[in-house]
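Chains as they are written, first to last, in my numbering: chain L, 1 to 403; chain V, 1001 to 1403. Glycine is no exception: its CB is placed at the ideal position from the N, C-alpha and C atoms. Keep in mind it's a predicted model, so treat the numbers as computed, not measured. Before any comments, here is the structure.
Number of protein chains: 2
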Amino acid sequence: MVEPAIRPQPHRQYQSRLATEILRRLDQVLPVGDGPYPLHEPLFAGNEKKYLAECIDTGWVSSAGPFVERFEAELSSFTGLHAVACVNGTAALHTCLLLSGVSPDDEVLVPTVTFVATANAVSYCGAVPHFVDSEADTLGVDPDRLAAYLDATLEPRNDDVWRNKVSKRPVRALIVTHIFGHPPKLDRLKAVADQYGIALIEDAAEALGTFHESAHAGSIGDCAALSFNGNKTITAGGGGAIITRDPDVARQAKHLTTTARVADGFDWTHDTVGYNYRLPNINAALACAQLEQLPRFLAAKRRLADDYIAAFDDLPEAAVISEQAQAHSNYWLNTLLLKEKDRGTRDHILTETNSTGYHCRPLWTPMHRLPMYRDCPAMELTTAQSLFESVISLPSGPALRLG
Amino acid sequence: MVEPAIRPQPHRQYQSRLATEILRRLDQVLPVGDGPYPLHEPLFAGNEKKYLAECIDTGWVSSAGPFVERFEAELSSFTGLHAVACVNGTAALHTCLLLSGVSPDDEVLVPTVTFVATANAVSYCGAVPHFVDSEADTLGVDPDRLAAYLDATLEPRNDDVWRNKVSKRPVRALIVTHIFGHPPKLDRLKAVADQYGIALIEDAAEALGTFHESAHAGSIGDCAALSFNGNKTITAGGGGAIITRDPDVARQAKHLTTTARVADGFDWTHDTVGYNYRLPNINAALACAQLEQLPRFLAAKRRLADDYIAAFDDLPEAAVISEQAQAHSNYWLNTLLLKEKDRGTRDHILTETNSTGYHCRPLWTPMHRLPMYRDCPAMELTTAQSLFESVISLPSGPALRLG
């Protein structure tokens, strides 16, 4: 695939003016004198030490223990879904794909705008990512362009599986990512997936506390992955979870993530190739302490988002992404989107903000530009390319607005 | 493969007599009144709480942090090898296989006597386990029978890779497991691997503190996997490590286990399909506290082993496995081996010991008998079958003999 040329950089004086305007607004939201401001720092203001000490005192630190069950129950209560804790978000995504029947030499539709784990999880199944484009308003997969693309690209086969006309590989699943906590247009994406009989998997790694029409992220897809990495809204050190409406999928997820072990008298047997994707009890203890604080964290993050949106409201060159009408975002990372003519300024602005004490970050390099995914099938990815040139994520941790 | 019939059970009175003899000796080593005795409980008698609290106070709990580097440095110092921490022993094994060039449709020689993770890690590469037999004195792969088998089974090809004559698949690696901490006959196994130009991987999940002729487990193979699961000599909750003599292999292991990320200005790129196999800092903190106590734990476990060996010395029907001349075992799990005529008593003895408060465990079901591995290539596995009928592992935690 030929990449569009990178836009020429606007001249230096103009770049500096725009950077100055952005810095002035950041200073309104987060006074520069109180910085520096990390992109997203974890916050430990609850029972973290107490629960960790409990693990040491009781001896339960590892693959079994009361905090794992408690975390699953409380996560289930918060999301309204069945929840299976696992070792990290990547493991959760891999498990979702396995449970959706993704097999070697299948294709899985994956947004090119996502963290690398989304595409890697497809590779772990021996399957091939097939990259699709995103839209600017949600940063998620564009349902209309996806529908038109699949209409032209897939063909039905006798066995009821739709295949890529060119590669002849079955297309088994569609992964949609909640980028920075913003839900994609799930109803329309679900309709597209259903039309072709493919599984819908929500990569909700960044989306704990995100809702789509009052249903938590993960409610519309067949299953979804959460992450509790250190940079997420709450953290377990590592940690992830598979969440799903379907109790059978949850049971299978638990089995597959715990080495597929089956009791057989004194003997240990395993009925399929399983995984050691268990969340240790010590990490679950941290997760329990953090989950207790989630409502406060989400409220703080929403206050910060409101402040960013207001501060940048009058800047014609860039806007802070806000939630869509159907969405309630967790605002994991507040994000500035440069307007088209200003995309060449991204690295200059990143240099200025980072050197001033605001730790800001661009979008991930789109998946189809990474060497191992360069030759994968892909639709035209023009919006992804312009998002890559225009996204700047801003400091967003809950500590920045905790009451 | 047709399984030999399970031996008929000796009559009940005889079984009871043998169980009584075994219980009497267990009571000498571990007085029944002080029980119950778990199989292998973690012991937290050092800086565990202090280091965990440090993680919370500093905010470093996740995929980066000072305890990860410290643990790697201290593990390297203890083993004399390069060490890369990762999320668990399974991930370490998978990484070792990837670094040995194991690819889809290769075969990997794997002992059928091992924990399921050993075979599963081969499956994760899309490769096929090819099962080999073990020997009774080390419980590890039998080098002589392996050499004879490979001589009859492999054929060279033009590309210098030896292939299975029947399946035509390249045989890429040999995994040898240090069962219960006992090293296999590594020099002779290394010679066999070298003869066929295949990688030697040591599954040393159970073997931290095990030495072969004064070199730590992992020193002879191309790389090795350690585990710090809750039931191991020291624990990180979860946790594992890749250890190797070769600094290049260690560098590649670090890269592959940390999403293969490459710095590129402000952008995040990844140069190959990587893994999220990082050990969180909070688990590394626990590992550091545990590693400080390792010499005491190993000394305690050795005292317990000596006591078991002495207590069972006069029992004709069973013997406690002791280290070979070339070996210094960590005695992770002390293990009783029933003599041939008494193998039918295994489950009766397990019932009696467990109900008396001694948590004892049989060997894992051999890999070639699990449904997903039943059709894999295999040599004659007669010793594995008799080991399966005769192994009883005994309570072995360090707390049982801590000074």
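Apply the 10 Å Cβ neighbour rule to L:A148 and answer buried if 16 or more other Cβ atoms are within range, or exposed otherwise. Position 148 of the first sequence, counted from the first residue, corresponds to residue 148 of chain L. When all chains shown are included, L:A148 counts as exposed.
Selected residue, minimal CA-CA separation from L:L481, among L:T269, L:C86 and L:P36: Limits of chain L in this structure are 1 at one end and 403 at the other, which puts residue 481 of chain L out of reach.
Quick one: is V:D1271 near chain L, going by C-beta distance under 9 Å? For the purposes of this step, residue 1271 of chain V is taken as residue 271 along the second sequence, with counting starting at 1. Chain L, which has a Cβ nearer than 9 Å to the Cβ of V:D1271, makes this yes.
Chain V contacts from the stretch 36-60 of chain L (Cβ-Cβ distance under 7 Å): So the list reads E41, P42, F44, E48, K49, L52, A53, I56 and G59, given in the order they occur along the chain.
Buried or exposed, going by whether 16 or more other CB atoms sit within 10 Å of the CB of V:P1042? Taking the first residue of the second sequence as position 1, residue 1042 of chain V is located at position 42. Its Cβ being crowded by 16 or more others within 10 Å, V:P1042 is buried.
Partner residues on chain V for L:V110, Cβ-Cβ distance less than 9 Å: One-based indexing of the first sequence puts residue 110 of chain L at position 110. Correct list: empty, because the minimum Cβ distance to chain V is about 13 Å.
For L:F67, report the span of its alpha helix (DSSP H) as first-last. The sequence position of residue 67 of chain L within the first sequence is 67, counting from 1. That run of the alpha helix (DSSP H) goes P66 to T79.
Continuous beta strand (DSSP E) assignments of at least 3 residues falling wholly in the stretch 227-278 of chain L: 240-244, 261-264 and 267-270
Just to confirm, is the Cβ distance from V:F964 to L:R346 under 9 Å? Missing from the structure shown is residue 964 of chain V; chain V here goes from 1001 to 1403 and no further.
Contacts of L:N281 in chain V (Cβ-Cβ under 9 Å): For the purposes of this step, residue 281 of chain L is taken as residue 281 along the first sequence, with counting starting at 1. Those within 9 Å of L:N281 in chain V are G1230 and G1237.
According to the neighbour-count rule (16 or more other Cβ atoms, all chains shown, within 10 Å of its Cβ), is V:P1031 buried or exposed? Mapped onto the second sequence, residue 1031 of chain V falls at position 31. Exposed, because fewer than 16 other Cβ atoms sit within 10 Å of the Cβ of V:P1031.
Residues of its chain near L:P36, where Cβ-Cβ distance is below 8 Å and the 5 sequence neighbours each way are ignored: Here residue 36 of chain L is taken as the residue at index 36 of the first sequence, counted from 1. Hits under 8 Å: G357, Y358 and H359.
Is the beta carbon of V:L1052 sitting closer than 9 Å to the one on V:L1294? The residue labelled residue 1052 of chain V in the question sits at position 52 within the second sequence. The residue labelled residue 1294 of chain V in the question sits at position 294 within the second sequence. Contact: no.
L:L337 bridges to which residues according to DSSP? Counting from one through the first sequence, the residue named residue 337 of chain L turns up at place 337. DSSP output for L:L337 lists L:A319 and L:V391 as bridge partner(s).
To be precise: take each residue of the stretch 1095-1125 of chain V, compare its Cβ to all Cβ atoms of chain L, and keep it if any distance is under 9 Å. Which residues remain? P1104, F1115, V1116, A1117, A1119, N1120, S1123 and Y1124
When the distance is taken between beta carbons, is V:A1310 closer than 9 Å to V:L1336? Looking up residue 1336 of chain V in the second sequence gives position 336. Looking up residue 1310 of chain V in the second sequence gives position 310. No.
V:R1169 versus V:H1368 - alpha carbon distance: The residue labelled residue 1169 of chain V in the question sits at position 169 within the second sequence. The residue labelled residue 1368 of chain V in the question sits at position 368 within the second sequence. Cα to Cα, V:R1169 sits roughly 19 Å from V:H1368.
Other residues of its chain near L:C47: CB distance less than 7 Å, five sequence neighbours each side excluded: Counted from its first residue, the first sequence places residue 47 of chain L at position 47. The sequence shown places Asn at residue 47 of chain L, not Cys. Taken in chain order, the residues that qualify are A289 and E292.
Residue-level contact to chain L via CB, V:F1071, 9 Å cutoff: Looking up residue 1071 of chain V in the second sequence gives position 71. With its beta carbon at least 9 Å from every one in chain L, V:F1071 lies outside the interface.
Restricting to Cα atoms, I'd like to know which of L:D106, L:T269 and L:I201 is closest to V:F1388. The residue you call residue 1388 of chain V lines up with position 388 of the second sequence. In this structure, L:T269 is the residue among L:D106, L:T269 and L:I201 with its C-alpha nearest to the C-alpha of V:F1388.
Among residues of its own chain, excluding the 5 on either side of L:E3, which ones have a beta-carbon nearer than 6 Å to its beta-carbon? Along the first sequence, read from residue 1 onward, the residue named residue 3 of chain L stands at position 3. No answer about L:E3 holds up, because its pLDDT of 48 lies below 50 and its placement is not dependable.
Following the continuous alpha helix (DSSP H) through L:T356, name the residue where it begins and the one where it ends. Working through the first sequence from its first residue, we reach residue 356 of chain L at position 356. R346 to T356 is the extent of the alpha helix (DSSP H) around L:T356.
Is any beta-carbon of chain L found at less than 9 Å from that of V:Y1275? Position 275 of the second sequence holds residue 1275 of chain V. Closer than 9 Å to some Cβ of chain L, the Cβ of V:Y1275 qualifies, so yes.
Could you compute how far the alpha carbon of L:M1 sits from the alpha carbon of L:L381? Residue mapping note: residue 1 of chain L aligns to position 1 of the first sequence, counting from 1. Residue mapping note: residue 381 of chain L aligns to position 381 of the first sequence, counting from 1. Low local confidence applies: a pLDDT of 40 at L:M1 is under 50, so the model's placement there is unreliable, with the coordinate-based value given in what follows. If I take the Cα positions, the gap works out to 10 Å.
What residues from chain L crowd round V:P1362, counting only those whose CB sits closer than 7 Å? Counted from its first residue, the second sequence places residue 1362 of chain V at position 362. Those are F266 and D267, listed as they occur along chain L.
Below 7 Å between beta carbons is the criterion; list the residues of the stretch 1367-1401 of chain V that meet it against any residue of chain L, in chain order. L1370, P1371 and M1372
With 16 as the cutoff for other CB atoms within 10 Å, does V:D1222 come out buried or exposed? Counting from 1 along the second sequence, the entry for residue 1222 of chain V is found at position 222. By the 10 Å Cβ count, V:D1222 comes out buried.
Alpha-carbon to alpha-carbon, L:Q385 and L:A5: The count along the first sequence starts at 1 and reaches residue 5 of chain L at position 5. The count along the first sequence starts at 1 and reaches residue 385 of chain L at position 385. Annotation note: pLDDT 47 at L:A5 (below 50); position unreliable, coordinate value reported separately. Rounded to the nearest angstrom, the two C-alpha atoms are 10 Å apart.
How about L:I175 and L:H216: are their beta carbons less than 9 Å apart? Position 175 of the first sequence, counting from 1, holds the residue named residue 175 of chain L. Position 216 of the first sequence, counting from 1, holds the residue named residue 216 of chain L. Contact: no.
Quick one, are the C-beta atoms of V:N1125 and V:A1225 less than 9 Å apart? Here the question's residue 1125 of chain V lines up with position 125 in the second sequence. Here the question's residue 1225 of chain V lines up with position 225 in the second sequence. Residue identity differs from the one stated: residue 1125 of chain V is Cys in this sequence, not Asn. Contact flag unset, no.
Residue-chain proximity (V:N1088, chain L), Cβ-Cβ < 9 Å: By 1-based counting over the second sequence, the position of residue 1088 of chain V is 88. Yes, V:N1088 lies at the interface with chain L (some Cβ there is under 9 Å from its Cβ).
Minimum C-alpha distance to L:W332 - residue among L:G80, L:F312, L:A305 and L:R157: Along the first sequence, read from residue 1 onward, the residue named residue 332 of chain L stands at position 332. The residue with the shortest Cα to Cα distance from L:W332 is L:A305.
What does V:L1109 pair with, by DSSP beta-bridge criteria? One-based indexing of the second sequence puts residue 1109 of chain V at position 109. The secondary-structure analysis by DSSP pairs V:L1109 across a beta bridge with V:H1130 and V:L1174.
Just checking, does the stretch 224-238 of chain L make contact with the stretch 201-209 of chain L on the three C-beta pairs under 8 Å criterion? yes
CA nearest to the CA of L:P366, picked from L:E74, L:S390, L:A253 and L:H348: Stepping through the first sequence from its first residue, residue 366 of chain L is reached at position 366. Selected option, being the one with the closest Cα: L:S390.
Please confirm whether V:V1192 and V:L1150 have their CB atoms less than 9 Å apart. As a position in the second sequence, residue 1192 of chain V is number 192, starting the count at 1. As a position in the second sequence, residue 1150 of chain V is number 150, starting the count at 1. Yes, these two residues count as a Cβ contact at 9 Å.
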